[in-house]
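Participant: Before I ask anything, here is the structure I am working with.
There are 2 protein chains.
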Amino acid sequence: MRIGIVAEFNPFHNGHKYLIDCAKEYMFTQQLFGDIIVVMSEFFTQRGEIAIVDGYTRAEEAVRAGADLILALPYRGSVAYSDDFAKKSIDILIKCGITHLIFGTEDDITYFDKIYRKEQRHSTKLEIKNLLKTGISYPKIMQKIFDIPIDNPNFTLAYSYYKAIKNSKKNITLIPIKRKGQKLNENTVIDSEFLSATTIRNNFESDIVKNHISNNMLQAMKQNSITENNFYNLIKYNILNLGIENLKNIYDVSEGLENRIYNCNIIAKDYYELVDLISTKRYTKKRIQRILLHILTNTTIYDITEPINHVRVLAVNKEKTAIIRQINNNENIQLHQKLKKENARFFKHDIKVSRIYTIMNNKRDIFKENIKLV
Amino acid sequence: MRIGIVAEFNPFHNGHKYLIDCAKEYMFTQQLFGDIIVVMSEFFTQRGEIAIVDGYTRAEEAVRAGADLILALPYRGSVAYSDDFAKKSIDILIKCGITHLIFGTEDDITYFDKIYRKEQRHSTKLEIKNLLKTGISYPKIMQKIFDIPIDNPNFTLAYSYYKAIKNSKKNITLIPIKRKGQKLNENTVIDSEFLSATTIRNNFESDIVKNHISNNMLQAMKQNSITENNFYNLIKYNILNLGIENLKNIYDVSEGLENRIYNCNIIAKDYYELVDLISTKRYTKKRIQRILLHILTNTTIYDITEPINHVRVLAVNKEKTAIIRQINNNENIQLHQKLKKENARFFKHDIKVSRIYTIMNNKRDIFKENIKLV
Chain V
50 MRIGIVAEFN PFHNGHKYLI DCAKEYMFTQ QLFGDIIVVM SEFFTQRGEI AIVDGYTRAE
110 EAVRAGADLI LALPYRGSVA YSDDFAKKSI DILIKCGITH LIFGTEDDIT YFDKIYRKEQ
170 RHSTKLEIKN LLKTGISYPK IMQKIFDIPI DNPNFTLAYS YYKAIKNSKK NITLIPIKRK
230 GQKLNENTVI DSEFLSATTI RNNFESDIVK NHISNNMLQA MKQNSITENN FYNLIKYNIL
290 NLGIENLKNI YDVSEGLENR IYNCNIIAKD YYELVDLIST KRYTKKRIQR ILLHILTNTT
350 IYDITEPINH VRVLAVNKEK TAIIRQINNN ENIQLHQKLK KENARFFKHD IKVSRIYTIM
410 NNKRDIFKEN IKLV
Chain R
50 MRIGIVAEFN PFHNGHKYLI DCAKEYMFTQ QLFGDIIVVM SEFFTQRGEI AIVDGYTRAE
110 EAVRAGADLI LALPYRGSVA YSDDFAKKSI DILIKCGITH LIFGTEDDIT YFDKIYRKEQ
170 RHSTKLEIKN LLKTGISYPK IMQKIFDIPI DNPNFTLAYS YYKAIKNSKK NITLIPIKRK
230 GQKLNENTVI DSEFLSATTI RNNFESDIVK NHISNNMLQA MKQNSITENN FYNLIKYNIL
290 NLGIENLKNI YDVSEGLENR IYNCNIIAKD YYELVDLIST KRYTKKRIQR ILLHILTNTT
350 IYDITEPINH VRVLAVNKEK TAIIRQINNN ENIQLHQKLK KENARFFKHD IKVSRIYTIM
410 NNKRDIFKEN IKLV
């Protein structure tokens, strides 16, 4: 058996460790032993934010916590709508031969089944299509039709994983794990078994946080104190540089949004004001954050839709390095342990993304970086 | 009579005041009264540097010193080879009806005549063409054929003005003024009647400098202490962003220089190191500085060759505002006193340049700026 995990580990904390423990326990109770493979965002995350610690460090932590192989989800998978993020991540895991997918959720699979069946109906599809035309955001539509609370990333991501597996038509077992502690985007330090990653990111100087992440992770967070605002000048510059005409070609900039972005950019004083000014009821902040990253990285529709057949390995359990060869021999996907001139062509966009990230965050060039054997 | 001056006034100093005084004296001795019209670089200069004080402030100073009308030379004229800089500047002045051109030089017109005649010969043209092919820089060729000392911007610029007038075939009188004091690019504070602009820029904290520029200019310089290095992150970013493929389209990036720029950018630690790394015997530092500005402003060959038929007025002597109407009525060129939505299309590239300049130099938006009536 091979259990897959879709992750961001931003930062890696006790809740993530708990998920890996559950995967191990599942294997144990089934008396089946195998591998835990994780696909993880590297520089930028699904919500359009900057990863607070670099990918190699986060991957190393995950292997220390019991995962076997950590793969870097390319930019075009990581900075994406939850459905797209899930689809691209799970596609990689499937190509790596997973038989199970484990994920945190507060809901039952039967709940997902119910919604999925309703969503597949022709009449519902038509209703969604018509509502989208009126300018209502997708989360609001989900609330309206399925009575799903708005801004509930726990549900949204888990349901996206469910759909990706369902749509793949592969025989993959879902292992939903009841989430404990805070919801994904909660933000207050409480005396809880598990704090959310958001709480940890926003409060990493707090004493309580120390009990939820490793010392290693805490040190890495303290060293790497950049925020989206550090990239503000580059984003502001590239909006001016592209101009309204070329902003149109940036992925997800549609329906006249290019004018709005250009004009708000003239007025805004910092990154956060820019996001606030551009976002509306129709364009959620998360979407705008992602679009600003697409502008920063000059990501067009062509970069997003390229299929993912090559993936970099960030870390591996040193006793499980054979998995890499096994996966590569199957030829569904190629895993690369090091960037070289010979394979760089498969990672053109990610190398650019990495070098742009490096301007503000003086980390090692990924070209010189190697997988972590833990 | 209408006397033209091509200038950068970076910053405006006593040497510039002296040139304007000479123009006035010339008018007086000829018993002909008229106007002094200046065309001046605005944000970036001919040597590929950042103007140390904004255009409106420098223009205001020049009118206070006796000039009548100051026009902004568009980016495509200001950041250019000396011949191109001179040609575009003088073309604007000719369209404004100048009858005379005054300029500083250490050489006689007869010397320019001699070199010009030699340069016009078919055999010399062929020799220059062949030498360029061998990879020798243009200044070295000028030295080889005409025995002109290398890195002599005094000669180079004056001779470029001479050629521009000559090639225009207009009947314009040249008024060469013997330069006093330091050469253009000298850099030491000496007890001289006139210091070079370079000396003043590099030593504006020095006491002696105070006697060479107005207090107003000195204050503006102190407030505006940005250097090319402040734009380094944006330049570094855009080199990564463009990639080797798109760097090729940037003006003046030719013959495989795109690879050199891309690769040096990966290694360089700051702007000055980047210039040093890219420049060679063939590619002078000045040329590389200009190219880096073209990268910063995404300037392609198409931006450079667009004809200049619209120019912004930066400052005017309040008793001479009628000149603007007179020039506009002649319809050779249109002078604009304010940027508005209606005329912005004529200044697209310069508005972009201005906004990029503004990212690092928190000056007022030129869109909101108005000419200075002095």
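Chains as they are written, first to last, in my numbering: chain V, 50 to 423; chain R, 50 to 423. Ideal Cβ placement from N, Cα and C applies to all residues, glycine included. All of these numbers come straight from a predicted model, not from anything done at the bench.
(1) When DSSP builds the beta bridges, which residues end up paired with Met-89 of chain V?
(2) Between the stretch 160 to 184 of chain V and chain R, which residues of the former have CB atoms less than 8 Å from a CB of the latter, in chain order?
(3) Do the CB positions of Leu-323 of chain R and Leu-283 of chain R come within less than 7 Å of each other?
(4) Three or more C-beta pairs closer than 8 Å, one from the stretch 110 to 127 of chain R and one from the stretch 53 to 65 of chain R: is that the case here?
(5) Which residue marks the beginning of the alpha helix (DSSP H) containing Gly-153 of chain R, and which one marks its end?
(6) If you drop the 5 nearest sequence neighbours on each side, which residues of the same chain put their C-beta closer than 7 Å to that of Lys-73 of chain V?
(7) Quick check for students: name the residue ranges of the beta strand (DSSP E) that lie wholly in the stretch 213 to 264 of chain R, counting only runs of 3 or more.
(8) What would DSSP say about Val-387 of chain R, mapped onto helix, strand or coil?
(9) Exposed or buried, what is Ile-99 of chain V when buried is set at 16 or more other beta-carbons lying within 10 Å of its beta-carbon?
(10) Express the C-alpha separation of His-359 of chain V and Glu-307 of chain V in angstroms, rounding to a whole number.
(11) Grab me the residues of Arg-14 of chain R's own chain with a C-beta within less than 7 Å of its C-beta, minus the 5 sequence neighbours each way, in chain order.
(12) On the DSSP bridge list, what partners appear for His-343 of chain V?
(13) May I ask you to list the residues that DSSP assigns as paired with Asp-84 of chain V?
(14) May I ask you to report which of helix, strand or coil DSSP gives His-62 of chain V?
(15) Starting from Tyr-208 of chain R, find everything on chain C with Cβ-Cβ shorter than 8 Å and list it in chain order.
(16) If you drop the 5 nearest sequence neighbours on each side, which residues of the same chain put their C-beta closer than 6 Å to that of Arg-361 of chain R?
(17) Hey, would you say His-149 of chain R sits closer than 7 Å to Ile-85 of chain R, going by beta carbons?
(18) Can you name the residues of chain R whose CB is closer than 9 Å to the CB of Gly-305 of chain V?
(19) At which residue ranges does the stretch 277 to 359 of chain V contain complete alpha helix (DSSP H) runs of 4 or more residues, listed in the order of the chain?
(20) Can you pull the DSSP bridge partners for Lys-421 of chain V?
(21) Identify the continuous alpha helix (DSSP H) that holds Pro-188 of chain R and give its terminal residues.
(22) Short of 6 Å in beta carbon distance, which residues of its chain neighbour Ile-376 of chain R, apart from the five on each side in sequence? Order them along the chain.
(23) Would you call Ser-172 of chain V buried or exposed, if buried means 16 or more other Cβ atoms sit within 10 Å of its Cβ?
(24) On a CA-only basis, which of V:Asn-378, V:Lys-218, V:Lys-330, V:Phe-161 is nearest Asp-196 of chain V? Give me that one, please.
(25) Between the C-alpha atoms of Pro-123 of chain V and Ser-90 of chain V, what's the straight-line distance to the nearest angstrom?
(26) For chain R, is any of its Cβ atoms less than 7 Å away from the one on Asn-347 of chain V?
(27) Just to confirm, are Val-365 of chain R and Ile-420 of chain R a CB contact at a threshold of 7 Å?
(28) Under 7 Å, do Asp-352 of chain R and Arg-96 of chain R count as touching if we go by C-beta distance?
(29) Can you tell me where the alpha helix (DSSP H) holding Asp-140 of chain R begins and where it ends?
(30) Contact between the stretch 180 to 194 of chain R and the stretch 256 to 273 of chain R is defined here as three or more beta-carbon pairs at a separation below 8 Å; is this criterion met?
(31) In whole angstroms, what is the alpha-carbon distance linking Ser-138 of chain R and Thr-247 of chain R?
(32) Please decide whether Lys-137 of chain R counts as near chain V, where near means a Cβ-Cβ distance under 7 Å.
(33) According to a CB-to-CB cut-off of less than 9 Å, which residues of the stretch 277 to 299 of chain R neighbour chain V?
(34) Can you tell me whether Pro-356 of chain R is buried or exposed? The criterion is at least 16 other CB atoms within 10 Å of its CB, across all chains shown.
(35) Show which residues of chain R have a CB atom less than 8 Å away from the CB atom of Arg-125 of chain V.
(36) According to DSSP, is Ile-99 of chain R part of a helix, a strand, or is it coil?
Facilitator: The relevant details are as follows:
(1) The residue labelled residue 89 of chain V in the question sits at position 40 within the first sequence. Looking at the DSSP assignment, Met-89 of chain V forms a beta bridge with V:Ala-56, V:Ala-121.
(2) none
(3) For this step, residue 323 of chain R is matched to residue 274 along the second sequence. For this step, residue 283 of chain R is matched to residue 234 along the second sequence. Not in contact: Leu-323 of chain R and Leu-283 of chain R (Cβ atoms no closer than 7 Å).
(4) Verdict: yes, contact present.
(5) Working through the second sequence from its first residue, we reach residue 153 of chain R at position 104. Per DSSP, Gly-153 of chain R belongs to no alpha helix (DSSP H); it is in the beta strand (DSSP E), 149 to 154.
(6) Translated into the one-based positions of the first sequence, residue 73 of chain V becomes position 24. Same-chain partners within the cutoff: Gly-115.
(7) 222 to 227
(8) As a first step, residue 387 of chain R is located in the second sequence; it is residue number 338 there, counting from the start. As written in the sequence, residue 387 of chain R is Lys, which differs from the Val given in the question. Note: Lys-387 of chain R maps to strand in three-state DSSP.
(9) As a working note, residue 99 of chain V is residue 50 in the first sequence. It is buried - the Cβ of Ile-99 of chain V has at least 16 other Cβ atoms within 10 Å.
(10) Along the first sequence, read from residue 1 onward, the residue named residue 307 of chain V stands at position 258. Along the first sequence, read from residue 1 onward, the residue named residue 359 of chain V stands at position 310. Pairing Glu-307 of chain V with His-359 of chain V, the inter-Cα distance amounts to about 32 Å.
(11) With chain R represented from 50 up to 423, any question about residue 14 of chain R goes unanswered, as that position is not in the structure.
(12) Position 294 of the first sequence, counted from the first residue, corresponds to residue 343 of chain V. For His-343 of chain V, DSSP records no beta bridge to any residue.
(13) For the purposes of this step, residue 84 of chain V is taken as the residue at position 35 of the first sequence. Beta-bridge pairing links Asp-84 of chain V to V:Arg-51.
(14) Here residue 62 of chain V refers to the residue found at position 13 of the first sequence. Coil.
(15) Looking for chain C here will not work: the only protein chains present are V and R.
(16) For the purposes of this step, residue 361 of chain R is identified with residue 312 of the second sequence, where counting begins at 1. Ala-121, His-385.
(17) Translated into positions along the second sequence, residue 149 of chain R becomes position 100. Translated into positions along the second sequence, residue 85 of chain R becomes position 36. No, Cβ-Cβ distance for His-149 of chain R and Ile-85 of chain R is not below 7 Å.
(18) For the purposes of this step, residue 305 of chain V is taken as residue 256 along the first sequence, with counting starting at 1. Residues of chain R passing the Cβ test: none, with the nearest at roughly 18 Å.
(19) 281 to 296, 306 to 316, 320 to 327, 334 to 345, 350 to 354
(20) Reading the first sequence from its first residue, position 372 is the one you call residue 421 of chain V. According to DSSP, which records beta bridges pairwise, Lys-421 of chain V is partnered with V:Ala-364.
(21) Within the second sequence, numbered from 1, the residue matching residue 188 of chain R stands at position 139. Taken as a continuous stretch (DSSP letters only), the alpha helix (DSSP H) holding Pro-188 of chain R covers 187 to 195.
(22) Within the second sequence, the letter at position 327 stands for residue 376 of chain R. Excluding positions up to five away in sequence, the list reads Cys-145, Leu-384.
(23) Within the first sequence, residue 172 of chain V is the residue found at index 123, counting from 1. Exposed, because fewer than 16 other Cβ atoms sit within 10 Å of the Cβ of Ser-172 of chain V.
(24) As a first step, residue 196 of chain V must be located in the first sequence, where it is residue number 147. Ranking the options by Cα distance to Asp-196 of chain V, first place goes to V:Phe-161.
(25) Position 74 of the first sequence, counted from the first residue, corresponds to residue 123 of chain V. Position 41 of the first sequence, counted from the first residue, corresponds to residue 90 of chain V. Each residue's Cα considered, the two are about 7 Å apart.
(26) Numbered from its first residue, the first sequence carries residue 347 of chain V at position 298. Closer than 7 Å to some Cβ of chain R, the Cβ of Asn-347 of chain V qualifies, so yes.
(27) Position 316 of the second sequence, counted from the start, is the residue given in the question as residue 365 of chain R. Position 371 of the second sequence, counted from the start, is the residue given in the question as residue 420 of chain R. If you check the CB distance, Val-365 of chain R and Ile-420 of chain R come in under 7 Å.
(28) Reading the second sequence from its first residue, position 303 is the one you call residue 352 of chain R. Reading the second sequence from its first residue, position 47 is the one you call residue 96 of chain R. Cβ atoms of Asp-352 of chain R and Arg-96 of chain R: not closer than 7 Å.
(29) By one-based count along the second sequence, residue 140 of chain R stands at place 91. Per DSSP, Asp-140 of chain R belongs to the alpha helix (DSSP H) from 131 to 144.
(30) no
(31) Within the second sequence, numbered from 1, the residue matching residue 138 of chain R stands at position 89. Within the second sequence, numbered from 1, the residue matching residue 247 of chain R stands at position 198. Looking at the two C-alpha atoms, the distance is approximately 21 Å.
(32) Here the question's residue 137 of chain R lines up with position 88 in the second sequence. Not an interface residue.
(33) Residues passing the 9 Å Cβ filter: Asn-282, Leu-283, Lys-285, Tyr-286, Asn-287, Leu-289, Asn-290, Leu-291, Gly-292.
(34) Within the second sequence, residue 356 of chain R is the residue found at index 307, counting from 1. So Pro-356 of chain R ends up on the exposed side.
(35) Along the first sequence, read from residue 1 onward, the residue named residue 125 of chain V stands at position 76. Chain R residues near Arg-125 of chain V: none, gap ~17 Å exceeds 8 Å.
(36) Numbered from 1 along the second sequence, position 50 holds the residue referred to as residue 99 of chain R. DSSP places Ile-99 of chain R in strand when its eight states are reduced to three.
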